[in-house]
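Asker: Residues 1 to 540 (our numbering) make up the sequence shown, in order.
C-beta: ideal position from N, C-alpha, C; glycine also.
What follows is a single structure, and I will ask about it in a moment.
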Amino acid sequence: MDFRTLLLIFLALCPALSAQTVKEIVLTIDASTKVAWTDANYICATIDWWPKEKCNYKQCPWGSASIINLDLTHPYLENAIRAFKGLRLRLGGSLQDQVIYGVGNLKSPCSSFTQQKDGLFGFSRGCLPMQRWDELNNLFKKTGALVTFGLNALYGRQPTNRHAWVGNWDSSNALDFIKYTVAKGYQINSWEFGNELSGSGIGASVDAAQYGKDVIQLHNLLNQVYQNTPVRPLLLAPGGFYDPGWFGKLLQVSGRGTVNVLTHHIYNLGPGSDSKLVDKILNPEYLSRTEGTFSSLTQTILRNGPWASAWVGESGGAFNSGGPDVSNAFVDSFWYLDQLGMAAKHHTKVYCRQTLIGGNYGLLDTDTFVPNPDYYSALLWNRLMGKVVLGVFNSAAPHLRTYAHCTKDRAGVTLLLINLSTQIQYKVNIHSTAETSLQVGEKKVHKKKSFAHSIKESVSWVGTKSSDVTLSREEYHLTPEGGNIKSRTMLLNGKLLRLTETGDIPSLSPVFTNLNSPISIEPLSIKFIVFPNFNSPSCR
C-alpha cells in the first residue's frame with residue numbers, strides 16, 4: 001500500500017478520531033463538612049388519579065395506571081416497589097381535590113370519574129371505594145411502601161369567577177376516611193393537604209390565610225384520631241408550585257409545628273409537546289435555573305417556619321403527561337439524577353417522581369410494567385447515595401454534573417458523575433479536603449489530597465498488611481443501548497438491564513477497578529463511583 005493510499009485512509013478516519021475529545025479536570029470533594037442531609041427514604045414515586053380518558057397532544061398515555069384501576073396484583077409492580085426496601089409512594093394529583101371517600105354519610109353515590117366539559121380539568125367528581133382502599137393497603141403492606149395520601153382540600157368550598165375557591169374546608173368526609181384508615185390499622189406515613197392550589201393555582205386556588213386556617217383544622221383532626229396510636233403521621237402542605245409570599249403566609253398563619261413538611265412541585269422542562277426537550281436536558285445552564293427555587297424555598301422556611309422541612313412532592317420534568325420518547329427514555333436520567341442531586345444539596349428531604357406508573361414519565365411502562373431507564377437510575381441512587389450530602393467543587397467543566405454523598409449503609413463516599421457533553425470524555429482527578437484543614441492567621445487553608453492517598457491512610461486491615469491488599473473502587477456506568485440516548489433500554493457496565501425470566505429486578509453489580517487507575521466518563525453517560533473505606537469525618 002503506497003503512501004498516497006495510507007494518507008487518504010488517515011484523512012477519512014480523521015472526523016471519527018476528532019469527534020471525541022478528552023479533557024482532564026480536577027474535582028475536590030469536601031468530605032469534612034456536611035452540606036445537607038436527606039431523609040433515609042429520599043426516593044419517592046407517585047400514583048395519580050388520572051383515568052384512561054386523560055389525553056394530551058393527541059395521545060392518551062395513562063391506560064389503567066391510576067389509583068382506581070391499576071392492576072395491584074401484577075408481579076412486576078410488587079417487585080419494582082419491594083426492590084427499594086422502603087419506597088415512598090405519594091397518592092395524589094390533579095383530580096385529588098375532586099375525590100370523595102366512600103365511607104360515612106355520603107351526599108352522593110360513590111361513582112368513578114367521568115368526562116365533564118365544565119368540570120375541573122374536564123372531569124366530574126370521583127370516589128374512592130373502601131374496598132379499593134383495602135386492596136391498596138394490602139399492596140403497601142406486602143411491599144414495605146411508605147405512604148403519603150393527598151386529601152381533597154376543596155371539599156365544602158365554592159368557586160368564584162376567577163377560579164379562586166372560597167369558604168371553609170369541610171373536613172367531615174376526610175375525618176370519616178381517616179377514622180376508617182386508623183380503625184383498619186393501615187400505616188400512613190403522612191397526610192398531604194391539597195394539590196396545586198397555592199399561589200395562582202393550577203385549575204383552582206385558595207387564599208394562603210384561609211389555607212393556613214384549614215391546615216390547623218386538619219392538624220387538630222389528626223391529633224384527635226391518632227391520640228391512642230404510638231406514631232402520628234406527618235402533615236404535608238400545600239403540594240403546589242412554589243410562591244414565596246403564599247408559602248410564607250401559610251407558615252405564619254398555621255403557626256409553629258402545624259405543617260411538618262412544605263411540599264412543592266417542579267416541571268422545569270415545560271410542556272411534554274416541546275420539541276426542544278432533549279436540548280433543555282443537555283443544557284447545564286438550563287438545568288441550573290431550578291437552583292433558585294430550591295434556594296428561595298430554604299430561605300422562606302428559615303424566615304417563617306424553621307420547624308418545617310422541604311419535599312419535592314411531585315416532579316415529572318415535562319408537564320401534561322411528560323414527553324413521549326424522552327421522559328421514558330435514557331436521556332431523561334440526565335435530568336432526573338441531576339434533580340435528585342441538586343435538590344438534596346439544597347436541603348430537600350424527599351423527592352417524589354411523577355410517576356411510578358402512568359403517563360410518559362412513569363418509572364414503569366404503563367402497559368407492560370417493565371422498568372424504564374429512570375427506574376434503574378432511581379434504584380441505584382437509593383442503594384448507593386446515603387443521607388449525608390458532601391460538597392463537590394468543579395468549576396472547569398459545566399457539562400460534567402457532579403454530586404457526592406456518604407455511601408449508604410456502609411463506610412465510604414459515593415460520587416455521581418453526569419456527562420451532558422456530546423463530544424468530551426472527561427478524565428477526572430479527585431482530591432479531598434478531609435481532615436487536612438490548616439489555620440493560617442484568619443484564613444483556613446485546605447490541603448488537597450488525592451482520594452487514593454486518603455483512603456490508604458484511613459483503612460485498617462485486620463491480620464493483613466495494607467501493602468498486601470489491592471484497594472479498589474466500585475463503578476456503575478450507565479449508557480443507552482446502541483448509543484441512542486432516546487433508547488428505552490439502559491446498559492449497566494455494558495450489560496443490558498432487563499427483568500429476569502421470573503420478573504425480578506436484575507442484579508445491579510459494579511465493576512471493581514484498581515483505586516489508582518484513571519477515572520474517566522464517556523460522553524452522554526452516567527457513572528456512580530463508590531470509594532469504600534474512605535475515612536470521611538462527615539460520614540461517621
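Between which residues of its own chain and Leu154 is the CB-CB distance below 6 Å, once the five residues before and five after are set aside?
Answerer: One-based indexing of the sequence shown puts residue 154 at position 154. Asp97 and Trp165.
Asker: Since Glu285 is in the alpha helix (DSSP H), which residue starts that stretch and which ends it?
Answerer: Position 285 of the sequence shown holds residue 285. Unbroken alpha helix (DSSP H) run through Glu285: Pro284 to Ser288.
Asker: For Tyr403 versus Leu416, is the C-beta spacing smaller than 7 Å?
Answerer: What you label residue 403 is simply residue 403 of the sequence shown in a count that begins at 1. What you label residue 416 is simply residue 416 of the sequence shown in a count that begins at 1. Contact flag set, yes.
Asker: Please classify Leu11: does DSSP put it in a helix, a strand, or coil?
Answerer: Along the sequence shown, one-based indexing puts residue 11 at 11. Any reading at Leu11 must be qualified, since the residue scores a pLDDT of 40, below 50, and its modelled position is unreliable; no value is offered.
Asker: May I ask you to verify whether the segment 222-236 touches the segment 267-282, counting CB pairs closer than 8 Å and requiring at least 3?
Answerer: Taking 8 Å as the limit for Cβ pairs, the verdict is that the segment 267-282 does not touch the segment 222-236.
Asker: I'd like the span of the alpha helix (DSSP H) that includes Leu390, first residue to last.
Answerer: On the sequence shown, position 390 is the one that residue 390 refers to. Careful: Leu390 lies outside any alpha helix (DSSP H), inside the beta strand (DSSP E) at Met385 to Phe393.
Asker: Where does the unbroken beta strand (DSSP E) through Lys408 begin, and where does it stop?
Answerer: Within the sequence shown, residue 408 is the residue found at index 408, counting from 1. Taken as a continuous stretch (DSSP letters only), Lys408 belongs to no beta strand (DSSP E), as it is neither H nor E.
Asker: Just checking my contact of Ala208 with Asn260 at CB under 8 Å: how many whole Å lie between their CB atoms?
Answerer: Along the sequence shown, read from residue 1 onward, the residue named residue 208 stands at position 208. Along the sequence shown, read from residue 1 onward, the residue named residue 260 stands at position 260. That belief does not hold up - the Cβ atoms of Ala208 and Asn260 are roughly 18 Å apart, past 8 Å.
Asker: Kindly indicate which residue of Gln116, Glu24, Gly203 and Gln158 has the alpha-carbon position closest to the one of Gly167.
Answerer: As a working note, residue 167 is residue 167 in the sequence shown. Selected option, being the one with the closest Cα: Gln158.
Asker: Is it true that the segment 45-63 meets the segment 422-435, where meeting means three or more beta-carbon pairs spaced less than 8 Å apart?
Answerer: No: fewer than three Cβ pairs fall under 8 Å.
Asker: Taking Cβ to Cβ, would you say Asn372 is nearer than 7 Å to Ile43?
Answerer: Counted from its first residue, the sequence shown places residue 372 at position 372. Counted from its first residue, the sequence shown places residue 43 at position 43. Taking 7 Å as the Cβ cut-off, Asn372 and Ile43 do not qualify as a contacting pair.
Asker: Please return the same chain residues whose Cβ sits closer than 6 Å to the Cβ of Ile519, not counting the five positions on each side in sequence.
Answerer: Start at 1 with the first residue of the sequence shown, and residue 519 comes out as number 519. Excluding residues within five positions, the ones whose Cβ falls inside 6 Å are Val428.
Asker: In whole angstroms, what separates the C-alpha of Tyr267 from that of Ala318?
Answerer: In the sequence shown, the residue the question calls residue 267 occupies position 267. In the sequence shown, the residue the question calls residue 318 occupies position 318. For Tyr267 and Ala318, the distance between alpha carbons rounds to 5 Å.
Asker: Report the rounded CA-to-CA distance for Ala174 versus Gly104, giving the unit in angstroms.
Answerer: Locating residue 174 in the sequence shown gives position 174, where the first residue counts as 1. Locating residue 104 in the sequence shown gives position 104, where the first residue counts as 1. When rounded, the distance between both Cα atoms is 10 Å.
Asker: Only counting runs of 3 or more residues, tell me where the beta strand (DSSP E) segments fall wholly within the segment 43-131, in order along the chain.
Answerer: For the segment 43-131, whole beta strand (DSSP E) runs of length 3 or above, ordered along the chain, are 43-47, 88-91, 99-102 and 126-129.
Asker: Need the endpoints of the beta strand (DSSP E) that His399 sits in, please.
Answerer: Within the sequence shown, residue 399 is the residue found at index 399, counting from 1. First-last for His399: undefined, no H or E at that position.
Asker: According to DSSP, is Ile485 part of a helix, a strand, or is it coil?
Answerer: The residue labelled residue 485 in the question sits at position 485 within the sequence shown. Of the three classes helix, strand and coil, the one that applies to Ile485 here is coil, per DSSP.
Asker: Using three-state DSSP, classify Leu497 as helix, strand or coil.
Answerer: Your numbering for residue 497 matches position 497 in the sequence shown. Residue state, collapsed to three classes: coil.
Asker: Based on Cα-Cα distance, which residue from Gly257, Leu91, Arg82 and Asp176 lies nearest to Ala65?
Answerer: Here residue 65 refers to the residue found at position 65 of the sequence shown. Checking every option, the nearest Cα to that of Ala65 belongs to Leu91.
Asker: Can you round the beta-carbon distance between Gln425 and Glu314 to whole angstroms, since I take them to be within the 8 Å contact cut?
Answerer: By one-based count along the sequence shown, residue 425 stands at place 425. By one-based count along the sequence shown, residue 314 stands at place 314. In fact, because the Cβ distance is near 36 Å, the residues do not count as touching under 8 Å.
Asker: For Gly203, which option in Phe193, Tyr211 and Asn161 has the closest C-alpha, if you only look at C-alpha atoms?
Answerer: Walking along the sequence shown from the start, residue 203 turns up at place 203. Minimum Cα distance to Gly203 is reached at Asn161.
Asker: If we ignore side chains and look at the alpha-carbon of each, how far apart do Glu481 and Gly185 end up?
Answerer: Counted from its first residue, the sequence shown places residue 481 at position 481. Counted from its first residue, the sequence shown places residue 185 at position 185. Approximately 45 Å between the Cα atoms of the pair.
Asker: Using CA coordinates, which residue listed in Leu471, Arg488, Arg473 and Ser472 is at the minimum distance from Thr479?
Answerer: The residue given as residue 479 occupies position 479 in the sequence shown. Of the candidates Leu471, Arg488, Arg473 and Ser472, the one whose C-alpha sits nearest the C-alpha of Thr479 is Arg488.
Asker: Which first and last residues belong to the beta strand (DSSP E) in which His265 is found?
Answerer: Start at 1 with the first residue of the sequence shown, and residue 265 comes out as number 265. Here the beta strand (DSSP E) through His265 covers Val261 to Ile266.
Asker: What three-state label does DSSP hand Gly316 in the structure shown?
Answerer: Counting from one through the sequence shown, the residue named residue 316 turns up at place 316. In the structure shown, Gly316 sits in coil (DSSP, three-state: anything other than H, G, I, E or B).
Asker: Taking just the CA atoms, how far does Leu70 sit from Tyr226?
Answerer: Position 226 of the sequence shown, counted from the start, is the residue given in the question as residue 226. Position 70 of the sequence shown, counted from the start, is the residue given in the question as residue 70. In a straight line, the C-alpha of Tyr226 is about 29 Å away from that of Leu70.
Asker: When burial is assigned at 16 or more other CB atoms within 10 Å of the CB, is Phe84 buried or exposed?
Answerer: Position 84 of the sequence shown, counted from the first residue, corresponds to residue 84. Classification of Phe84: buried, given that the 10 Å Cβ count is 16 or more.
Asker: So, does the segment 494-503 touch the segment 392-411, judging by three or more C-beta pairs under 8 Å?
Answerer: Counting Cβ pairs under 8 Å, fewer than three are found: no touch.
Asker: Where does Phe553 sit, in a helix, a strand or coil, going by DSSP?
Answerer: As shown, the chain starts at 1 and ends at 540. That puts residue 553 outside it, with no answer to give.
Asker: Taking the alpha helix (DSSP H) that Pro244 falls in, what are its first and last residues?
Answerer: Position 244 of the sequence shown, counted from the start, is the residue given in the question as residue 244. Pro244 to Ser254 is the extent of the alpha helix (DSSP H) around Pro244.
Asker: On a Cα-Cα basis, can you pick out the residue from Gly245, Gly255 and Asp243 that is closest to Asn220?
Answerer: Working through the sequence shown from its first residue, we reach residue 220 at position 220. Minimum Cα distance to Asn220 is reached at Gly255.
Asker: Let me know the secondary structure DSSP gives Ala208 once reduced to three states.
Answerer: As a position in the sequence shown, residue 208 is number 208, starting the count at 1. DSSP places Ala208 in helix when its eight states are reduced to three.
Asker: Count Cβ pairs between the segment 330-344 and the segment 286-293 that sit closer than 8 Å; are there 3 or more?
Answerer: Enough Cβ pairs lie closer than 8 Å, so yes.
Asker: Have a look at Phe512, Lys527 and Val350 and flag the residue whose alpha-carbon is nearest the alpha-carbon of Thr38.
Answerer: Working through the sequence shown from its first residue, we reach residue 38 at position 38. That would be Val350, whose Cα lies nearest to the Cα of Thr38.
Asker: Mapping DSSP to helix, strand and coil, what is Thr300?
Answerer: If you number the sequence shown from 1, residue 300 lands on position 300. Looking at Thr300 - three-state DSSP - the assignment turns out to be helix.
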